[in-house]
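Notes follow the structure.
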Amino acid sequence: MSFWQDPLVGDKIITLMAAMVLVLQIMMVAMRGIVTSIRAFGLQSFLLACIGLTIAHFNHAPHIYIAAFMMLVLKAIALPLILEYLVNRIEVRQEIEPLVNVPISIITAGLLTLLAYVVAASFHRPEVHTGPAALGHNMLAVAISVFLIGFFTMLNRRKALAQVLAMLCLENGILLAAISLTYGMPLIVEVGVFFDVLVAALLLAILIFQIRETFDSTDVSRLSRLRG
Amino acid sequence: MSIFTLLIIPLIGSVITFLMTSTRRMEFVYLLTAVASCFGAVWIAMEVATQGHTSWMDGFLYADSLSALLVLLTAFVYLATAPYAIGYLRHDDRYAEKDQIFFQSNDPRTLRAKLRRYYALAPLFAFCMFLVAVSSNLGVMWVAIEGTTLASIFLVTFYARPTSLEAAWKYAILGGVGLSMALFGTVLTYYAAHQVIAGDSLSALNWPVLVTKAAQFDKSAMRLSFILVLLGFGTKAGLAPMHTWKPDAYSEAPVPVAILMATAQLNCAVYALARFYVLTSRSVGTTFASDLLVLFGLLSIGIAVPFILVQRNHRRLLAYSSIEHAGIMVLSLGFGGVLGPLGMLLHMTFHSVTKPLLFFCAGNAQQHMGNDSLRRETGGLLHILPVSASMFLLAALAVTGTPPFSMFQSEFTVLRAGFAAQNTVASVLLVVFIVAIFGGFFHHISQLVFGPKPEVPRGDSSRWKTYPVIGLAAVVLILGVWLPAPLNALITDAAHILEVRP
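Sequences listed follow chains A and B, in order.
At position 150 of the first sequence the residue is numbered 150 (our numbering), and the sequence of numbers has no breaks.
At position 402 of the second sequence the residue is numbered 1402 (our numbering), and the sequence of numbers has no breaks.
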C-alpha cells in the first residue's frame, strides 16, 4: 500500500491539523483586535475543510468532498469577508474589550481543554486500530474543547460581533466532531446545517446593524432594559 | 402525498404574499393558507389513524401518531391565530400614528412593508414547525427547529423598538447557542448509531430505524448526547435556567407571533426532546434520562412561581406561565411509565388550545389600554372590554388547571404518573407550585378585570378580534367535558410511542 493511500498516515495528518484548530481557538481567547480574530476564524475553518478533504481522500468517503467544499466557500471565505465588511462599516473602535483579563482567560481555556479530555476519556477504545473509533477519543476531546472554549469566549465578550464570532467558532467544534467521528453526517443534513449557519449569520449581522443604528453602540451589555 | 401537501401549502402562501402589494390580498392569502394547512393536517391524521403511519420519499419524511398529533396542534394554533392576527394588525395599522407603536417610521409604505413581513414570515414559521413534526431524520429535524428560530427573529423585532431589538438579540443568541448544543448531541447520537447501523448513512439518523437498534448503542455517547440535547432543546422550550429569553421575546413580539412561539414552537422543542428521550432510555435505561427531565421540569416550574407572584406586566406573566407548562410537560415525560407520556401529551394538547385564548385577551387589553401593566390603577377591564375581560378570567382559570377545565385533567394525570413512579417528593412539590401559581395568577387577573371603571372609552369593537376569542372559549369549554374519540385515540397511540419499559 502506497504512502498516500495508507489510512494511518491520514489519521496522523488529521490529528496534527486538529491540534492546530485547538491552538487557534485558544489564541482567539487572547486576541485583542476583532479583525485578527476574524482572520483566525477563517484559518480555523480552512483547517477544518482540509481535515474534511484528508478524510475524504484517505477513507474513500466522496460525499465529504462536498461538505469540505461548502466549508471552504462558506466558513473560510464568505463569512470572514462579510464579518470584516461589517466591522469596517460599523465599529469605530476595533478592539475587543473582554470582561476577564487575558491571563485568566487563557488559564480557563486550558482548564476547559482538560475537562474535555476527561469527558472524552470514556470514549477511549484501545482495541480498535482503524476507522472513526480509533480517531474518536482524541478528536472528540479536541471538538469538545473547541466547543467549550467557544462557549467561554461568548460569555467573555461585550460586543455583539465578537459574540457572533465566538458562536461560529463553537460551531466549528461541532463540525469537527461531525467530520472526524463519523466521517460526515448524511449529505442532506450537512447541506441543511450549512444553510442554517449561513442564514443565521446573515440575520445576526442585520440585527447587529439595527442595534448599532438604534443604540449607537454594539455593546450588548447595554441591552438591559427588559427585566423581571 | 399528504405530507407533501401539508408542507407545500404554507411555503406557497409565504412566497405569494411576499410578491403582493395590497394588504387586503395578503390577509386573504394568509387566512386561506391557514385553513388549507388545517385540512392538510387532518388528512395526515386520518391516514395515520387508518394505516398506523404515513411516509413520503422512502421514509425520509414520516409521520406516526406522535407526529400527527404535533401537526394537528400546530395547524390548530396557526388557524386560530390567523383571523385574530388580521384584526390585531389592522388595529396597529390604524392607530400607528396616535400610539407611536412603531419606533422609527410611520409612513404608509414602511407600514405595508412591515405587514408584508408578518404575512410572509408567519407561514414560513408554520412550515418549519410542520417540517419538525414530519422529518424522521433527526438531523433534518434539527435543521427545521433552527429554521423556526430564523423565521421568527424578525417577527420579534416587528415593532422596531429598542426593547424589541434587545429581546430579539437575546432570543437569537441564546437560541443559537442552545441549538448548537443540540446539534452536538445529534452528532453524538449519529456517532453512537453509526457503529451499530452500518451501510447507508442517511437511514442511520432515521428515528424509526434508530429506535429498534437503540439498545446496542454506545452508552457513554448516548449519555453525553442526551445531556447536550436536553440543554439545547430545553433552551428552545424555555426550561429553567435557560429560560431568560422567553419573557422578553413574548412581551415584545406581536401577540399572534407570541402565541405561535408559546404553543406551537414550544411543542416542537418538547417533541424533539421526547424523541431523544426514547432513544436514550432504550440505550442506557430509564433512570438516567428520567432523573434529568424531572430535575429540569421541577426547576422550571419552581422558577416560574416567584416571578408570577410579583409580576407587574401581564404579557410577561403569560411567558412565565409558559415556562411553567413547559416544565410540567417535561416533568411528566420524566415520570415515565404508562401515565407519564400520556400526561405530557394531554397537557400539550390542552395547553395549545387554552394558551392562545389567554394571549388573545391579553392582546385585546393591551391594544385598548395602550400598555400591559398590572398595577392597581389599570383595573376595571370588565367595564370597558366586557367580552375580552370575562374571557380573560375564564382563560386564566382554565390555564391554571381549575377543575371544570381540561388542564385539570392533564395535570391530574401528571400527578398520578408521579405517584405511580413513586416519586413522592417531586409530586408534592408539583402540587405546591401549581397552587402558588394559581394564587398569583388569580390575584393578578382579578385585579385587572374587576375594579372601578377607568376613564377609557368602551372597546370590543372589531369583529376580527372578538369572534376568535368567543370561538376559542367555546372550544376550551367543550374540551373540558368532552374529548373527541379520534383525538383521544391519537393521543393514546402517541403515548405508546413514548412509553419505555425498564
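Note that CB positions come from ideal geometry on N, CA and C, so glycine has one too.
Since the model is a prediction, treat every value here as computed from it, not as a measurement.
Assignment of Thr1286(B) by DSSP, reduced to helix, strand and coil, places it in the helix class. In the assembly as shown, Ile1303(B) is a buried residue. Its beta-carbon has 16 or more other beta-carbons within 10 Å. Rounded to the nearest angstrom, the gap between the Cα atoms of Val119(A) and Tyr1277(B) is 21 Å. Under the Cβ distance rule, Ala67(A) does not count among the residues neighbouring chain B, no pair being separated by less than 8 Å. For Asp11(A), none of the residues of chain B pass the 9 Å Cβ criterion, the least Cβ distance being about 17 Å.
8 Å or more divides the Cβ of Val1270(B) from the Cβ of Met1181(B).
Interface residue (Cβ-Cβ distance to chain A less than 8 Å): Asn1371(B) is not classified as such. Distance from the CA of Lys1246(B) to the CA of Val1257(B), rounded to the nearest whole angstrom, comes to 13 Å. Taking each of Ala1253(B), Leu1299(B), Leu1429(B), Leu1490(B) in turn and checking the Cα distance to Ser1065(B), the smallest one comes out for Leu1490(B). Taking the Cβ atoms as the reference, Ile66(A) lies roughly 19 Å from Gly10(A), outside the contact range of under 8 Å.
No beta strand (DSSP E) of 3 residues or more sits fully in the segment 1127-1189 of chain B. For the pair His63(A) and Leu187(A), the CB atoms are nearer than the 8 Å cut-off.
Taking 8 Å as the Cβ-Cβ cut-off, the segment 1434-1454 of chain B has no residue approaching chain A.
The shortest C-alpha to C-alpha distance from Val35(A) to any of Ala200(A), Asp216(A), Leu16(A), Leu161(A) is the one to Leu161(A). Residue ranges of uninterrupted beta strand (DSSP E) with 3 or more members are absent from the segment 1314-1381 of chain B; none lies entirely inside it. Neighbours of Ile1173(B) in chain A, taken as residues at a C-beta separation under 9 Å, are given in chain order as Met154, Ala160, Gln163, Val164, Met167, Leu204, Val220. The segment 1207-1219 of chain B makes no contact with the segment 1155-1164 of chain B; the number of CB pairs closer than 8 Å stays below 3.
Ile1008(B) sits exposed, since fewer than 16 C-beta atoms from the chains shown fall within 10 Å of its C-beta.
For Met185(A), the chain B residues whose C-beta falls within less than 9 Å of its own C-beta are Gly1139, Thr1186, Val1187, Tyr1190, Ser1201, Leu1205, listed in chain order. Chain-order list of chain A residues neighbouring Gly1176(B): Met167, Ala200, by C-beta distance under 7 Å. Non-local C-beta neighbours of Thr1492(B) in its own chain, meaning closer than 8 Å and more than five positions away in sequence, comprise Leu1342, ordered along the chain.
Within the segment 1237-1254 of chain B, those residues whose Cβ lies closer than 9 Å to any Cβ of chain A are, in chain order, Pro1247, Asp1248, Ser1251, Glu1252. Below the 8 Å Cβ cutoff, chain A contributes no neighbours of Pro1256(B), its closest Cβ being approximately 20 Å away.
Taking the CA atoms as reference points, Pro1403(B) sits about 8 Å from Gln1409(B). With respect to the 8 Å criterion, Ile1437(B) and Thr1400(B) are classified as neighbours on the basis of their beta carbons. Against chain B, the CB of Leu43(A) has no partner CB under 8 Å away; the residue lies outside that interface. In this model, Thr1466(B) and Arg1282(B) are separated by some 48 Å (Cα to Cα).
In this chain, the alpha helix (DSSP H) harbouring Trp1464(B) covers 1463-1481.
Asn1137, Leu1138, Gly1139, Val1140, Trp1142, Val1143, Ala1144, Glu1146, Gly1147, Thr1149, Leu1150, Ile1153, Phe1154, Thr1157, Ala1160, Arg1161: these are the residues of the segment 1132-1161 of chain B whose beta carbon lies less than 9 Å from some beta carbon of chain A, given in chain order. The secondary-structure analysis by DSSP pairs Leu1061(B) across a beta bridge with Trp1056(B), Ser1135(B). Contacts with chain B at 8 Å (Cβ-Cβ) include Ile174(A). Note on Met31(A): 16 or more other CB atoms within 10 angstroms of its CB, so buried under the neighbour-count rule. In this structure, Gly42(A) lies away from Glu95(A), with their beta-carbon atoms at least 8 Å apart. Chain order gives the chain B residues near Gly192(A) as Gly1139, Val1140, Trp1142, Val1143, Ala1144, Glu1146, Gly1147, where near means a beta carbon separation below 9 Å. For Gly1459(B), the three-state secondary structure derived from DSSP is coil. Note that the segment 1128-1140 of chain B does not touch the segment 1231-1244 of chain B; fewer than 3 beta-carbon pairs, one per stretch, sit closer than 8 Å.
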